[in-house]
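*Asks:* Please read through the structure below; I'll follow up with questions.
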Amino acid sequence: FVTDHRELDTMCYGLMQVVAAPDELAAARATAVLHSHLRIHMAKEDTHLYPILRERISPPDQAPIVGRMAGKVPPEMMPRLVDWLFSLVDQDDRVTMTTVWKALMPDEVFAGVGRFIKGAVKADDWSDLAKRVPGLG
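For the sequence shown, this note's numbering assigns the number 315 to the initial residue and increments by one for each residue that follows.
Shown next, in the form of structure tokens:
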């Protein structure tokens, strides 16, 4: 996982350089490769890492970890992060992520993130999510 993360960092840095250049084909290729690598990496995390973390780290102890990770996201990138992340994770992970964000974010910040979440999921998933996360709807 550490090797994957290092490679993802390298790919993101390379993508920033490619996007700054006027070569749209190179940017499209770099984006496709990064997207593919991310999907494979996230599937490995879902299969191997997250079950272990759920088993060994209680939800209250997970909150500061998720908070530190979320704190690294620039505010202007949050809509894109939510769209991307919520398309990749299952509904249980969405509930966990939303619950932790709600607990860690000031109400006015979370209200904006809640709108991003609503826009990122299907109507049925939003309805279920709003029922499972008190105060979301």
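Note that the Cβ used here is the ideal one computed from N, Cα and C, for glycine as well.
Among Glu390, Leu367, Pro388, which residue has its Cα nearest to the Cα of Ile379?
*Replies:* The residue with the shortest Cα to Cα distance from Ile379 is Leu367.
*Asks:* When the distance is taken between beta carbons, is Val333 closer than 8 Å to Ala341?
*Replies:* Yes; because the gap between Cβ atoms is below 8 Å, this pair is in contact.
*Asks:* Which same chain residues end up closer than 8 Å to Gly426 when comparing Cβ atoms and leaving out the 5 residues on each side of it in sequence?
*Replies:* Correct list, in chain order: Met392.
*Asks:* If I measure Cβ to Cβ from Val447 and keep anything under 7 Å in the same chain, skipping five residues before and after, which residues do I get?
*Replies:* Excluding residues within five positions, the ones whose Cβ falls inside 7 Å are Val409, Thr412, Thr413, Lys416.
*Asks:* Going by the CB atoms, is the gap between Ala434 and Val396 shorter than 8 Å?
*Replies:* In this structure, Ala434 lies closer than 8 Å to Val396 by Cβ.
*Asks:* Measure the beta-carbon distance from Ala444 to Leu418 and round it to whole angstroms, keeping in mind my assumption that it falls under 8 Å.
*Replies:* With 8 Å as the limit, Ala444 and Leu418 do not qualify as a contact, their Cβ atoms being about 19 Å apart.
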